[in-house]
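> Going from the sequence shown to the numbering used here is simple: count from 1 and add 1489. Each residue gets a CB set at the ideal place from its N, CA and C atoms; glycine is no exception. Every value quoted in this text rests on a predicted model; they were computed, and no experiment measured them.
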Amino acid sequence: MTLEKDTLLMRNNVAVITGASRGIGLAVATALVDRGAKVVIGDVLREQGEAAVKSLNEKANAKVAIFEFCDVRFYKDIKALFMAAETNFGGVDIAILNAGVGTNGEAFSVPMDDEAERLIHEINTLGVIKGAKVATMHMVKRGGGVIINTSSVAGIGGAPTLSNYCATKFAVVGFTRSLDHLQALNIRANVVCPYWCDTEIIRIGDKARPTSAFSSVIEASPKVDMDIVVDTFLQCIRDKAASGSGLKVLPLNFHTPPSYIPSGVAYLAMPDGHHVLPRTQIPPSGRSEELENAEAAFRPFMIESTINRLKAQSEEYFKNV
1490 MTLEKDTLLM
1500 RNNVAVITGA
1510 SRGIGLAVAT
1520 ALVDRGAKVV
1530 IGDVLREQGE
1540 AAVKSLNEKA
1550 NAKVAIFEFC
1560 DVRFYKDIKA
1570 LFMAAETNFG
1580 GVDIAILNAG
1590 VGTNGEAFSV
1600 PMDDEAERLI
1610 HEINTLGVIK
1620 GAKVATMHMV
1630 KRGGGVIINT
1640 SSVAGIGGAP
1650 TLSNYCATKF
1660 AVVGFTRSLD
1670 HLQALNIRAN
1680 VVCPYWCDTE
1690 IIRIGDKARP
1700 TSAFSSVIEA
1710 SPKVDMDIVV
1720 DTFLQCIRDK
1730 AASGSGLKVL
1740 PLNFHTPPSY
1750 IPSGVAYLAM
1760 PDGHHVLPRT
1770 QIPPSGRSEE
1780 LENAEAAFRP
1790 FMIESTINRL
1800 KAQSEEYFKN
1810 V
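(1) Should residue 1647 be labelled buried (16 or more other beta-carbon atoms within 10 Å of its own) or exposed?
(2) Keeping to the same chain, check which residues put their C-beta closer than 7 Å to that of residue 1676; ignore five residues upstream and five downstream.
(3) Since I believe residue 1620 is in contact with residue 1586 (beta carbons under 8 Å), could you give me their beta-carbon distance rounded to a whole number of angstroms?
(4) How would you label residue 1501, buried or exposed, when you count the other beta carbons within 10 angstroms and need 16 or more for buried?
(5) Taking the Cβ atom as the reference point for each residue, do residue 1611 and residue 1666 lie within a distance shorter than 7 Å?
(6) Starting from the Cα of residue 1672, find the closest Cα among 1719, 1734 and 1654 and give me that residue.
(7) Which first and last residues belong to the beta strand (DSSP E) in which residue 1558 is found?
(8) Using 8 Å as the threshold, is the segment 1541 to 1550 in touch with the segment 1505 to 1524, meaning 3 or more CB pairs across them?
(9) What residue range is occupied by the uninterrupted beta strand (DSSP E) comprising residue 1496?
(10) Evaluate residue 1657 with the Cβ neighbour count: other Cβ atoms within 10 Å of its Cβ, from every protein chain shown; 16 or more gives buried, anything less gives exposed.
(11) Would a C-beta distance cut-off of 7 Å place residue 1496 and residue 1525 closer than the cut-off?
(12) Please work out which residues of its chain come closer than 6 Å, Cβ to Cβ, to residue 1596, disregarding the five sequence neighbours upstream and downstream, and give them in chain order.
(13) Per DSSP, what kind of secondary structure is residue 1506 in: helix, strand or coil?
(14) Would a C-beta distance cut-off of 7 Å place residue 1644 and residue 1617 closer than the cut-off?
(15) Output yes or no for whether 7 Å exceeds the beta carbon distance between residue 1641 and residue 1682.
(16) Quick one: residues in its chain with C-beta nearer than 7 Å to the C-beta of residue 1796, no 5 flanking neighbours on either side, listed in chain order?
(17) For residue 1604, collect the residues of the same chain with a Cβ closer than 6 Å to its Cβ; drop the 5 residues on either side in sequence, then sort them by chain order.
(18) Measure the beta-carbon distance from residue 1570 to residue 1533 and round it to whole angstroms, keeping in mind my assumption that it falls under 8 Å.
(19) Is residue 1503 closer than 7 Å to residue 1582 when the C-beta atoms are compared?
(20) List the whole-angstrom C-beta distance separating residue 1824 from residue 1638, where the pair is believed to meet the contact cut-off of C-beta under 8 Å.
(21) Would residue 1719 and residue 1686 be called neighbours here (beta carbons separated by less than 7 Å)?
(22) Considering only residues of the same chain and omitting the five flanking positions on each side of residue 1800, which have a CB-CB separation below 8 Å?
(23) Given that a residue counts as buried once 16 or more other Cβ atoms are within 10 Å of its Cβ, and exposed if not, what is residue 1556?
(24) Using only the alpha-carbon positions, how far apart do residue 1540 and residue 1730 sit?
(25) Specify the secondary structure class of residue 1734 as computed by DSSP and reduced to three states.
(26) Taking the alpha helix (DSSP H) that residue 1630 belongs to, which residues open and close that run?
(27) Is it the case that the Cβ atoms of residue 1568 and residue 1505 are separated by a distance below 7 Å?
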């Protein structure tokens, strides 16, 4: 899609992006501003975030971006982040839940200490879940929106030196696949799963263990171009039929061997060959046909009750903020 068509689609949309002081989050924020959107950057990196916002506003010669300190482990910060979008720009159309860390990514190299174990899960997984819950409250009020969660190829295939990290990213994929029913509220949720990209997360190994096997793997691995990663996020906004789906982003001329394709995931090659779009499907469960039919019959009632509850929760939410 051309920049002009993107601008027609995204102009004056308001996007809240976590983990956007640098890396993928900042690249997506920049692309959205270039297309006429307003962005609210949430991050714990205040100095970098404020500098990014200053640059975006100067480039646009207008107030198109604001920074709000946000530690995604805490609801109070997430609520303040989304309320900043309401106060400054009038609402929320897009939520990109991107904040993540790679610290203690390998479970068996972490001491058996509760605090050490907790951090990566609270940020990578619970940060997304909490963010999606708050985003939904705002989007119900707005009449719809798009939620895009950042996972990783590590979220659809394990890695022996990244077991904790993989667990968090698998959880994000599973969580997103479970949000398809939000379409009834005109809210679409999708997940982006990039291959290695040149961001701070992949340099953790270099800083902590410069001669480690992890660093060797990273150095030898092809990297996906940031422009392709950004375009994949934009594709989640463009494609109004996509909901509960995942976009897997691969480097140029990189192909996934068939043996690595998980069952229950259908892959659609993109025209440029740069990335692959898996549209999530329910894999065979091994359960009886009678049980499957009973659950299918019950599903509309389950969705209706969920939708009614979310509408009531949104109304109550804004009475108390």
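Concretely, from the data shown:
(1) As a working mapping, residue 1647 is identified with position 158 in the sequence shown. Counting Cβ neighbours within 10 Å, residue 1647 comes out exposed, since fewer than 16 surround it.
(2) What you label residue 1676 is simply residue 187 of the sequence shown in a count that begins at 1. Here the set comprises 1625, 1628, 1633, 1634 and 1636.
(3) For the purposes of this step, residue 1586 is taken as residue 97 along the sequence shown, with counting starting at 1. For the purposes of this step, residue 1620 is taken as residue 131 along the sequence shown, with counting starting at 1. In this structure, residue 1586 and residue 1620 form a Cβ contact; the two beta carbons are roughly 4 Å apart against a cut-off of 8 Å.
(4) Position 12 of the sequence shown, counting from 1, holds the residue named residue 1501. Classification of residue 1501: exposed, given that the 10 Å Cβ count is below 16.
(5) Here residue 1611 corresponds to residue number 122 of the sequence shown, with the count starting at 1. Here residue 1666 corresponds to residue number 177 of the sequence shown, with the count starting at 1. No; because the gap between Cβ atoms is not below 7 Å, this pair is not in contact.
(6) Counting from 1 along the sequence shown, the entry for residue 1672 is found at position 183. Cα-wise, what sits closest to residue 1672 is 1734.
(7) Position 69 of the sequence shown, counted from the first residue, corresponds to residue 1558. Looking at the DSSP string, the run of the beta strand (DSSP E) that includes residue 1558 is 1554 to 1558.
(8) yes
(9) Position 7 of the sequence shown, counted from the first residue, corresponds to residue 1496. Note, residue 1496: premise wrong, no beta strand (DSSP E); alpha helix (DSSP H) at 1492 to 1499.
(10) Here the question's residue 1657 lines up with position 168 in the sequence shown. Answer is buried; the Cβ neighbour count reaches 16.
(11) The sequence position of residue 1496 within the sequence shown is 7, counting from 1. The sequence position of residue 1525 within the sequence shown is 36, counting from 1. It is a contact, given that the beta carbons lie within the stated cut-off.
(12) Reading the sequence shown from its first residue, position 107 is the one you call residue 1596. Here the set comprises 1652 and 1653.
(13) The residue given as residue 1506 occupies position 17 in the sequence shown. Residue state, collapsed to three classes: strand.
(14) As a first step, residue 1644 is located in the sequence shown; it is residue number 155 there, counting from the start. As a first step, residue 1617 is located in the sequence shown; it is residue number 128 there, counting from the start. Contact flag unset, no.
(15) Here the question's residue 1641 lines up with position 152 in the sequence shown. Here the question's residue 1682 lines up with position 193 in the sequence shown. Yes, Cβ-Cβ distance for residue 1641 and residue 1682 is below 7 Å.
(16) To locate residue 1796, count along the sequence shown from 1; it is residue 307. For residue 1796, where only same-chain residues beyond five positions count, the Cβ hits under 7 Å are 1673 and 1674.
(17) Walking along the sequence shown from the start, residue 1604 turns up at place 115. Once the five neighbours on either side are set aside, residue 1604 has no close Cβ partner at all.
(18) As a position in the sequence shown, residue 1570 is number 81, starting the count at 1. As a position in the sequence shown, residue 1533 is number 44, starting the count at 1. No, residue 1570 and residue 1533 are not in contact; Cβ-Cβ is about 12 Å, not under 8 Å.
(19) Within the sequence shown, the letter at position 93 stands for residue 1582. Within the sequence shown, the letter at position 14 stands for residue 1503. A contact, by the Cβ cut-off of 7 Å.
(20) Lying outside 1490 to 1810, the shown extent of the chain, residue 1824 is not represented and no answer is given.
(21) The count along the sequence shown starts at 1 and reaches residue 1719 at position 230. The count along the sequence shown starts at 1 and reaches residue 1686 at position 197. No, they are not a contact pair.
(22) On the sequence shown, position 311 is the one that residue 1800 refers to. Cβ neighbours of residue 1800 beyond the five flanking positions: 1629 and 1674.
(23) For this step, residue 1556 is matched to residue 67 along the sequence shown. That one is buried.
(24) For the purposes of this step, residue 1540 is taken as residue 51 along the sequence shown, with counting starting at 1. For the purposes of this step, residue 1730 is taken as residue 241 along the sequence shown, with counting starting at 1. Going by the C-alpha atoms only, they are around 36 Å apart.
(25) By one-based count along the sequence shown, residue 1734 stands at place 245. DSSP places residue 1734 in strand when its eight states are reduced to three.
(26) Locating residue 1630 in the sequence shown gives position 141, counting from the first residue. Where residue 1630 is concerned, the enclosing alpha helix (DSSP H) stretches over 1616 to 1631.
(27) Here residue 1568 is taken as the residue at index 79 of the sequence shown, counted from 1. Here residue 1505 is taken as the residue at index 16 of the sequence shown, counted from 1. No, they are not a contact pair.
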